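Here's the structure we're looking at; comments come further down.
Chains as they are written, first to last, in this note's numbering: chain A, 1 to 162; chain B, 163 to 983.
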């Protein structure tokens with residue numbers, strides 16, 4: 001067992017974990033952060049995407065011990081003070097989800113994408129989300145949602161990059 | 163009681179309502195089965211066979227049992243009859259050969275991935291660790307793997323059965339009295355007409371829903387509660403009860419948030435049955451969540467057919483007959499629908515056309531591969547692919563535009579209702595209108611002109627345009643028809659409406675959504691019909707103690723069957739409320755009219771709202787003597803007919819003749835799905851369906867090696883398309899309301915998948931047909947396209963029309979087997 005301390009969705013947490021425990025297992029099984037889900041076992045699907053110190057990572061591909069001392073943001077920490085993040089709002093507005101299983105990862109990746117590139121072209125959006133699989137939407141409305149999120153003006157853009 | 167209130171509410175049906183479901187899904191406040199955690203819950207891991215076919219000689223569980231935090235390790239012999247059985251609900255013939263299907267066999271495994279032991283431990287990780295310590299000795303048996311070879315019984319998938327042939331199902335229009343003799347039509351066409359003979363491969367696919375299947379069983383209450391990532395909580399409850407002897411009334415099945423299904427969760431799974439048996443035995447809650455690799459390997463697969471077809475036409479291109487011979491791979495067991503899947507396509511090969519003669523033959527075959535069952539479209543994509551590829555071949559033979567040839571053969575809008583050669587009555591449609599619109603959207607004529615220019619110029623990258631017109635029978639299904647087909651259940655759906663004291667409305671449906679947006683669409687229907695605010699309607703589903711009756715969600719049935727049940731339940735509420743309204747208003751019931759959620763007395767400003775009536779019924783202080791103090795109502799609706807959406811899908815692709823790379827340039831479709839409840843949800847269903855169908859055409863295939871191991875058993879190997887592979891679509895609709903349900907709706911869940919596969923392959927073949935290619939086997943990977951181009955003239959070309967095809971000495975001549983494969 002290894003002691004880790006980190007910040008998850010703004011809360012300071014500390015636990016003894018097995019060195020082999022994945023970050024996604026830690027989030028789900030120890031912290032009850034079940035908003036982040038597991039869709040595969042080969043780091044292909046991206047359903048478990050979270051932000052680690054501001055960068056999007058597939059949390060099935062990070063050991064919990066690697067997150068020691070870091071700041072983790074999950075889908076559950078994205079809305080602030082009851083206000084949805086513009087990307088969350090855009091996914092609802094544009095019907096960018098159906099079953100919703102890929103959605104947490106898709107939203108977290110979209111937020112990271114827009115942070116790096118606040119006004120991406122359709123092709124840049126498509127390349128930026130390539131690591132996240134969705135089986136329901138055919139991606140059409142996911143792409144539209146990201147476009148919608150970054151077309152909301154400067155104020156929204158600041159929030160996106162926050 | 164209110165004075166006059168003009169109904170101000172906008173009509174809900176037809177509005178692009180944002181989904182009620184989304185708030186919880188976009189914030190991660192979800193209840194997937196794997197999120198559940200109960201006190202004392204134990205975790206299961208499955209020990210699976212690495213062999214496709216083997217005798218189980220011995221299983222040594224000692225080391226695993228001794229591992230820390232392992233509670234027990236159980237085999238099929240340990241569980242015995244308590245494990246129940248996996249059922250086949252549809253024996254397609256009386257004499258169907260159906261191997262017994264135990265969730266965990268103790269003597270022999272019939273496919274790689276079959277469960278032979280289960281480990282029960284305090285954590286999932288410890289269960290998996292211990293599963294590695296279970297020592298199973300197998301004696302390998304020869305495996306039946308290739309479908310065509312298995313059909314010869316060369317190697318038996320189940321030696322005790324003596325054959326791999328499960329059932330032979332036939333429909334003949336002459337015998338059924340719905341059309342002429344197809345063999346006569348073909349004989350006539352051989353003499354001066356046109357005969358096209360082809361063989362197509364429907365590759366094996368994997369539904370690959372995003373949420374891996376998960377099941378939690380809690381045996382600690384009076385009822386045993388089963389949470390499962392399933393499309394079919396009601397059918398699952400029935401199947402568990404029917405095969406374990408536990409009374410149905412002692413079982414509660416809950417499908418909480420379910421992450422996609424596409425037919426892949428239309429199953430009673432061995433893992434559900436094993437979890438149920440283990441929980442009962444140990445007396446503690448248990449959970450099993452599969453890994454993605456387990457899911458791809460053992461959750462049922464789809465398609466996997468060879469299709470031989472003979473199409474006869476006169477010299478002017480009017481089709482005179484169609485004969486279909488299918489081989490369908492069932493895999494190792496006959497699954498819950500099993501051989502019924504190809505039978506669902508049996509009535510659809512004639513599609514939108516007026517064929518005078520038709521014959522369909524299907525042989526289902528057992529092999530030692532993962533069992534197959536419904537995958538989005540189930541039977542109808544295969545049929546549509548077959549006929550739409552053939553219509554393009556006919557057009558090529560005639561040297562005409564493929565749309566023109568279709569038009570010559572399709573049912574004209576003035577001819578509805580139309581009884582087809584397969585015996586179905588299509589209620590409504592307008593194929594010309596949808597086709598015209600799709601052609602405008604694609605820019606069909608301009609692209610044809612560009613195609614000619616580039617062909618004449620000998621461009622390295624060639625343009626191809628693919629056409630697919632389709633209809634499907636959905637809205638499964640009239641119960642009596644299912645009975646005639648020997649299906650084990652009916653096709654009705656149930657709904658109830660509860661009027662709460664506060665005026666809110668609870669709607670209970672037997673449909674079981676897993677991403678479709680029923681909560682939103684059904685709220686719109688109820689809001690309109692009952693005249694209550696959209697926000698006041700709560701849709702409940704997927705729990706057999708709340709929704710006690712239902713037949714769940716598949717076959718594009720939820721709206722057209724479940725929605726109609728809802729309409730009938732709402733109408734009953736209004737009927738029940740009427741005498742109460744008359745009583746309270748001291749008016750004659752005949753003088754009341756119900757508008758916008760309010761009973762008004764004609765010619766006066768007096769009225770009472772449905773919410774007020776719900777409150778009055780709850781208080782029950784003042785109501786007529788001949789009524790019960792309740793407005794609640796329920797309805798069970800059995801559809802009178804199938805439901806027939808249709809559409810025209812057009813696809814333009816660019817094919818690089820040097821590399822074989824295919825890229826889609828534009829995709830346009832116009833679907834006629836009758837009246838639309840929520841255009842936003844409809845668009846989503848179409849987009850998602852399109853990509854699944856396109857993926858069959860270009861990317862996906864479940865591949866087994868020579869020893870029966872699935873080599874495409876992870877998302878690294880099974881090519882699910884990504885954002886980067888796909889494109890944005892042009893989607894529109896024409897409207898021919900259905901005449902067989904109140905709302906005039908038609909199913910949309912499967913349409914995109916059914917129509918898109920042939921549109922894409924027709925486009926790919928169209929791009930290279932001038933090189934002498936008439937088919938490329940799916941998925942049309944760059945390698946296959948390149949090989950077809952390299953081999954053109956020797957293996958891919960159509961040598962002629964009315965020639966004797968399928969002769970033994972010319973294997974593969976008109977089959978995709980070996981041609982560009």
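Even glycine gets a Cβ: it sits at the ideal position worked out from N, Cα and C.
Please read these numbers as outputs of a predicted model, since none were measured by experiment.
For residue 14/A, the enclosing beta strand (DSSP E) covers residues 11-17. Interface annotation for the segment 197-208 of chain B against chain A: 197, criterion Cβ-Cβ distance under 7 Å. Relative to the Cα of residue 930/B, the nearest Cα in the group 613/B, 542/B, 441/B and 563/B belongs to 613/B.
A Cβ of chain A is located within less than 7 Å of the beta carbon of residue 188/B. DSSP, read as helix, strand or coil, puts residue 60/A in coil. In the displayed model, residue 700/B falls within a strand according to three-state DSSP.
Less than 7 Å divides the Cβ of residue 660/B from the Cβ of residue 794/B.
For residue 788/B, DSSP records no beta bridge to any residue. For residue 240/B, the enclosing alpha helix (DSSP H) begins and ends at 238-241. Nearest Cα to residue 823/B within the set 863/B, 486/B and 943/B: 943/B.
Counting of Cβ neighbours within 10 angstroms places residue 173/B among the exposed residues, the total staying below 16. Residue 7/A and residue 68/A have their alpha carbons spaced roughly 9 Å apart. A straight-line Cα-Cα distance of about 11 Å links residue 322/B and residue 262/B. With a contact defined as Cβ atoms closer than 8 Å, residue 510/B and residue 102/A miss out at about 31 Å.
C-alpha of residue 852/B to C-alpha of residue 883/B: approximately 12 Å in a straight line. Here the segment 894-912 of chain B lies against the segment 841-849 of chain B, with 3 or more beta-carbon pairs under 8 Å apart.
Under the three-state reduction of DSSP, residue 364/B is assigned to strand.
The residue among 214/B, 190/B and 254/B with its C-alpha nearest the C-alpha of residue 108/A is 190/B. Counting other Cβ atoms within 10 Å of its Cβ, residue 764/B stays below 16 and is therefore classed as exposed. The three-state secondary structure of residue 300/B, taken from DSSP, is strand.
Look at residue 184/B: its C-beta is under 7 Å from a C-beta on chain A. In this structure residue 288/B is buried. Its beta-carbon is surrounded by 16 or more other beta-carbon atoms within 10 angstroms. Of all residues in the segment 347-373 of chain B, only 369, 370, 371, 372 and 373 place a beta-carbon less than 9 Å from a beta-carbon of chain A. For residue 490/B, the enclosing beta strand (DSSP E) has its first and last residue at 481-493.
Of all residues in the segment 125-140 of chain A, only 125, 126, 127, 128, 129, 130, 131, 132, 133, 134, 135, 136, 137, 138, 139 and 140 place a beta-carbon less than 9 Å from a beta-carbon of chain B.
Listed in chain order, the positions of the segment 712-725 of chain B with a beta carbon within less than 7 Å of a beta carbon of chain A would be empty, since no residue qualifies. Using a CB distance below 7 Å, the part of the segment 89-107 of chain A facing chain B consists of 91, 92, 93, 95, 97, 98, 99, 100, 101, 102, 103, 104 and 107, ordered along the chain.
With contacts defined by Cβ atoms closer than 7 Å, residue 715/B and residue 673/B form a contacting pair. For residue 710/B, no Cβ of chain A is located within less than 7 Å of the residue's own Cβ. For the segment 885-907 of chain B, the set of positions with a beta-carbon nearer than 7 Å to some beta-carbon of chain A reads 885, 886, 888, 890 and 891 in chain order. Contact between residue 247/B and residue 405/B holds, with the beta-carbon distance rounding to 4 Å and staying under 8 Å.
Residues of chain B whose Cβ lies closer than 9 Å to the Cβ of residue 45/A are, in chain order, 372, 454, 877 and 882. Chain-ordered, the chain A residues with CB closer than 8 Å to the CB of residue 180/B read 92, 93 and 95.
Residue contact check for residue 629/B against chain A: no CB pair falls below 7 Å. Counting C-beta pairs closer than 8 Å gives three or more between the segment 227-236 of chain B and the segment 270-290 of chain B, which meets the contact rule. Close to chain A, meaning a Cβ-Cβ distance shorter than 9 Å, are the following residues of the segment 417-434 of chain B: 419, 420, 421, 422, 423 and 424.
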